[in-house]
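**Student:** What follows is a structure written as structure tokens; I'll ask about it next.
Protein chains: 2
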Amino acid sequence: MVKFKKTSLIGVGLIGASFALSLREEKICSTITGSGRTEKNLIAAREKGIIDTYSLNHAEACKDADLIVLATPVGSFNDIISEIRDSIRNGSIVIDVGSTKRDFIKNIETQIPKDVFFVSTHPIAGSDRSGIAAARPDLFKDALCIITPTDKTNEEALTKVKELWKQIGARVMSMTPEEHDRVFSSVSHVPHIAASAIVKTIADINKSYIDFAGSGFRDTTRIAMSSPELWVDICKSNKQNMIDHIGILINNLESIKTMLKENDYEALRSFLNTAKELRRIIE
Amino acid sequence: MVKFKKTSLIGVGLIGASFALSLREEKICSTITGSGRTEKNLIAAREKGIIDTYSLNHAEACKDADLIVLATPVGSFNDIISEIRDSIRNGSIVIDVGSTKRDFIKNIETQIPKDVFFVSTHPIAGSDRSGIAAARPDLFKDALCIITPTDKTNEEALTKVKELWKQIGARVMSMTPEEHDRVFSSVSHVPHIAASAIVKTIADINKSYIDFAGSGFRDTTRIAMSSPELWVDICKSNKQNMIDHIGILINNLESIKTMLKENDYEALRSFLNTAKELRRIIE
């Protein structure tokens, strides 16, 4: 069973706070220090028993930690690593829980001290809600957690991090950072901005029409209520895959438009059926 | 309280069967005859107590009915009206529960005998599931039901149909057939085909990526599992609005692509925020 003495949680939001609660529940680590920009949030997290102590200074929070968790938006990782690198003690493990990988992993691997072990992870869990109010210790139970090792990843640390995620209930799987970003552009990042585009389209047509939305529309656009800041960050760090995949989505919508214009309803039926069959696989 | 002696239910699927169950629950009508193409389904509906008798012939099923409900896909309405028009007795009310309006209402109003009263209705209820297995008597409880009268609609019949929907729990609202079709193109029909296009995009990239879909993707694409036949029908009869609105959606996706290419993340944040604020209205 994997154990840590002190965890430093950098970024105390939904994912970070749920991770902290999971660590406690599984008795993997009892001492957890949080750091972040907003003192009010850190005080609330301490009151809820998510963290024991906090600091507004990331480097300060990392001192003596043997596990450091980057749980801020991915766009901040490079700056945070610069801030904390001289405060991380030798032998510590650093993980992140970011939704994109390729862009920052290379930089972190260059920046991080030789005797500190970085392993990048992405738990596929979340909610349209954000913040510590939505945090729960079972958020990662039965969730998939992707680990994206590179040729620079330390084998022992990799094994330990895999064990850690398994202990808090996740199913662990490995892939390269590049494949990770292609996969999640297609099943998460592009669907996300598409949901926002569907809502924005109603704003363009007539805002008041939103009142006629049924349960299907609510489901389809629920993720459009997530934090714009968080998603801008994700888009930024997975930009090229998203540009490519939005292009494919636009082509598909253009095809449907053409089918309608040309009254090619057999092609439309076949299109809808292809989508139906693929979607049913995950039902 | 509105009462009918015999209801003829043309098309015994999710909506039709739920409507029949609602009529029974509210004791609005005790005798219900179903008609449709598939005898197996009609037998099953009779066994479940949804209908009392059935016919494979729509005209036969309409005899002596004082309420006739068109609950087949909208594309079949014109043919059905031709089939049944000579069998409808004077004074009967004919309603439909179709998701589009403009295209067929004009035709029905021309076709239907002078002493038969047609009122077009659209209950905003449904499910990604279809068929009588998913039917339930409370499907329309608190659901919105849009009534789309024209200058040909009989006032007395209109009042009676409104009362009928209210009695089974729906909130009733009126608008013109033209506005109805614009509204539902934007909040239902285009979001629906967009959900299918999002799934189809993964088929184009790499089918196996579907395994990495999280709960957000599942929500966003749930409606892509609905019946392709039903949706082709809807697209067909609301074609022009959908072509226009898909065009606006494509423009929005092109805008996002451009923002990414030009690193205009402030514009992207503002786009996502506009969508978030509008979506939150219906949460």
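Heads up: the protein sequence lines correspond to chains B and L, in order.
Numbering of the first sequence is given in the numbering used here, commencing with residue 6 and proceeding in unit increments.
Numbering of the second sequence is given in the numbering used here, commencing with residue 6 and proceeding in unit increments.
Every residue gets a Cβ at the ideal spot worked out from N, C-alpha and C, and that includes glycine.
Keep in mind that this is a model prediction, so the values were computed, not measured.
1. So, with DSSP's three-state summary, where would you put I228/B?
2. Alpha carbon to alpha carbon, how far is F222/B from V79/L?
3. Could one say the Cβ of I117/L lies closer than 7 Å to chain B's Cβ atoms, at least one of them?
4. For F276/L, does the three-state DSSP call read helix, strand or coil?
5. Report the CB separation of V17/B from A64/B in whole angstroms; it is logged as a contact under 8 Å.
6. Can you tell me where the alpha helix (DSSP H) with G21/B in it begins and where it stops?
7. Since D186/L and K106/L are thought to touch, with beta carbons under 8 Å apart, how far apart are those beta carbons, to the nearest angstrom?
8. Apart from the five residues on each side of it in sequence, which residues of its chain come closer than 6 Å, Cβ to Cβ, to K146/B?
9. List the residues of chain L whose Cβ lies closer than 7 Å to the Cβ of P182/B, in chain order.
10. How about R107/L: is its C-beta nearer than 7 Å to some C-beta of chain B?
11. Specify, as a first and last residue, the run of the beta strand (DSSP E) that C56/L falls within.
12. So C67/B is in the alpha helix (DSSP H); what residue range does that whole segment cover?
13. Which same chain residues, not among the five before or five after L273/B, have their C-beta less than 6 Å away from its C-beta?
14. Could you tell me which whole alpha helix (DSSP H) segments of length 4 or greater appear in the stretch 151-189 of chain B?
15. Counting beta carbon pairs with one atom in the stretch 186-203 of chain B and one in the stretch 161-170 of chain B, are three or more of them shorter than 8 Å?
16. List, in order along the chain, the chain L residues whose C-beta lies closer than 7 Å to that of K10/B?
17. Under 7 Å between C-beta atoms, does P128/L make it to chain B?
18. According to DSSP, what are the bridge partners of L14/L?
19. Would you kindly work out how many angstroms separate the C-alpha atoms of S193/L and A22/B, rounded to a whole number?
20. May I ask you to report which of helix, strand or coil DSSP gives T115/B?
21. Could one say the Cβ of A76/L lies closer than 7 Å to chain B's Cβ atoms, at least one of them?
22. Using the Cβ count rule (16 or more neighbours within 10 Å means buried), how would you classify S27/B?
23. How many whole angstroms separate the CB atoms of E288/B and M230/L, which I take to be in contact at a CB cut-off of 8 Å?
24. Based on DSSP bridge pairs, tell me the residues matched to P128/L.
25. From what residue to what residue does the alpha helix (DSSP H) around L261/L run?
26. Between the beta-carbon of A25/B and the beta-carbon of I33/B, is there less than 7 Å?
27. Contact criterion: CB-CB distance below 7 Å. Does S179/B meet it with respect to chain L?
28. Among the residues of its own chain, which have a CB less than 8 Å from the CB of R29/L, if the five just before and after it don't count?
29. Taking just the CA atoms, how far does I210/B sit from S275/B?
30. Give the interface partners of F278/B over in chain L, defined as CB-CB distance under 7 Å, in chain order.
31. If you reduce the DSSP assignment to three classes, tell me which class I287/B lands in.
32. Show which residues of chain L have a CB atom less than 8 Å away from the CB atom of G252/B.
33. Below 6 Å CB to CB, which residues in the same chain sit around D108/B once its five sequence neighbours on both sides are set aside?
34. Grouping DSSP H, G and I as helix and E and B as strand, with all else coil, what is F122/B?
35. Drop a sphere of 10 angstroms on the beta-carbon of K244/L, count the other beta-carbons inside from all chains shown, and report buried for 16 or more, exposed for fewer.
36. Cβ of D238/B within 6 Å of any heavy atom in the ligand SAH?
**Tutor:** Taking the geometry as given:
1. For the purposes of this step, residue 228/B is taken as the residue at position 223 of the first sequence. I228/B falls in the helix class under three-state DSSP.
2. The residue you call residue 222/B lines up with position 217 of the first sequence. The residue you call residue 79/L lines up with position 74 of the second sequence. A straight-line Cα-Cα distance of about 20 Å links F222/B and V79/L.
3. The count along the second sequence starts at 1 and reaches residue 117/L at position 112. So no, I117/L is outside the interface.
4. Numbered from 1 along the second sequence, position 271 holds the residue referred to as residue 276/L. Note: F276/L maps to helix in three-state DSSP.
5. Taking the first sequence and counting its residues from 1, one reaches residue 17/B at position 12. Taking the first sequence and counting its residues from 1, one reaches residue 64/B at position 59. Not confirmed; about 16 Å, so no contact.
6. Stepping through the first sequence from its first residue, residue 21/B is reached at position 16. Here the alpha helix (DSSP H) through G21/B covers L19 to E30.
7. In the second sequence, residue 186/L corresponds to position 181, counting from 1. In the second sequence, residue 106/L corresponds to position 101, counting from 1. Contact between D186/L and K106/L holds: their C-beta atoms lie close to 6 Å from each other, under 8 Å.
8. Here residue 146/B refers to the residue found at position 141 when the first sequence is read from its first residue. These residues qualify, in order along the chain: G174.
9. For the purposes of this step, residue 182/B is taken as residue 177 along the first sequence, with counting starting at 1. Going along chain L, no residue has its Cβ under 7 Å from P182/B, so there is no contact; the nearest lies around 14 Å.
10. Within the second sequence, the letter at position 102 stands for residue 107/L. Among the residues facing chain B, R107/L is not included, as its CB has no counterpart in that chain under 7 Å away.
11. One-based indexing of the second sequence puts residue 56/L at position 51. Looking at the sequence itself, residue 56/L is Ile, so the reference to Cys does not match. I56/L -> no beta strand (DSSP E), and no H or E assigned at all.
12. Taking the first residue of the first sequence as position 1, residue 67/B is located at position 62. Residues H63 to C67.
13. Start at 1 with the first residue of the first sequence, and residue 273/B comes out as number 268. Around L273/B: M264.
14. 160-172 and 182-189
15. no
16. Mapped onto the first sequence, residue 10/B falls at position 5. Chain L residues near K10/B: none, gap ~32 Å exceeds 7 Å.
17. Position 123 of the second sequence, counting from 1, holds the residue named residue 128/L. By this cut-off, P128/L is not an interface position.
18. Along the second sequence, read from residue 1 onward, the residue named residue 14/L stands at position 9. For L14/L, which the question treats as bridged, DSSP gives the partners G39/L and V74/L.
19. Taking the second sequence and counting its residues from 1, the one referred to as residue 193/L is at position 188. Taking the first sequence and counting its residues from 1, the one referred to as residue 22/B is at position 17. Distance between the alpha carbons of S193/L and A22/B is about 36 Å.
20. Locating residue 115/B in the first sequence gives position 110, where the first residue counts as 1. In this structure, T115/B counts as helix in the three-state DSSP scheme.
21. Working through the second sequence from its first residue, we reach residue 76/L at position 71. No - not a single Cβ of chain B is within 7 Å of the one on A76/L.
22. As a first step, residue 27/B is located in the first sequence; it is residue number 22 there, counting from the start. Under this definition S27/B is a buried residue.
23. The sequence position of residue 288/B within the first sequence is 283, counting from 1. The sequence position of residue 230/L within the second sequence is 225, counting from 1. At roughly 7 Å, the Cβ-Cβ gap stays under 8 Å, so E288/B and M230/L are in contact.
24. Counting from one through the second sequence, the residue named residue 128/L turns up at place 123. P128/L is bridged by DSSP to C150/L.
25. Indexing the second sequence from 1 puts residue 261/L at position 256. The displayed chain sequence assigns Ile, not Leu, to residue 261/L. Segment K244 to K266, the alpha helix (DSSP H) holding I261/L.
26. For this step, residue 25/B is matched to residue 20 along the first sequence. For this step, residue 33/B is matched to residue 28 along the first sequence. No, these two residues do not count as a Cβ contact at 7 Å.
27. Here the question's residue 179/B lines up with position 174 in the first sequence. For S179/B, the answer is no, since every Cβ of chain L falls outside 7 Å of its Cβ.
28. On the second sequence, position 24 is the one that residue 29/L refers to. Hits under 8 Å: S35, I37, G54 and P142.
29. As a first step, residue 275/B must be located in the first sequence, where it is residue number 270. As a first step, residue 210/B must be located in the first sequence, where it is residue number 205. Each residue's alpha carbon lies about 29 Å from the other.
30. Your numbering for residue 278/B matches position 273 in the first sequence. In the sequence as presented, Phe is not what sits at residue 278/B; that position holds Asn. Ordered by position in chain L, the residues that pass the 7 Å Cβ test against N278/B are P233.
31. Residue mapping note: residue 287/B aligns to position 282 of the first sequence, counting from 1. Residue state, collapsed to three classes: coil.
32. In the first sequence, counting from the first residue as 1, residue 252/B sits at position 247. What G252/B touches in chain L: K262.
33. Working through the first sequence from its first residue, we reach residue 108/B at position 103. Contacts found: S242.
34. For the purposes of this step, residue 122/B is identified with residue 117 of the first sequence, where counting begins at 1. In the structure shown, F122/B sits in a strand (DSSP, three-state: E or B).
35. What you label residue 244/L is simply residue 239 of the second sequence in a count that begins at 1. The residue in question, K244/L, is buried, as its Cβ has 16 or more Cβ neighbours within 10 Å.
36. For the ligand SAH, the structure offers nothing, since it holds no ligand at all.
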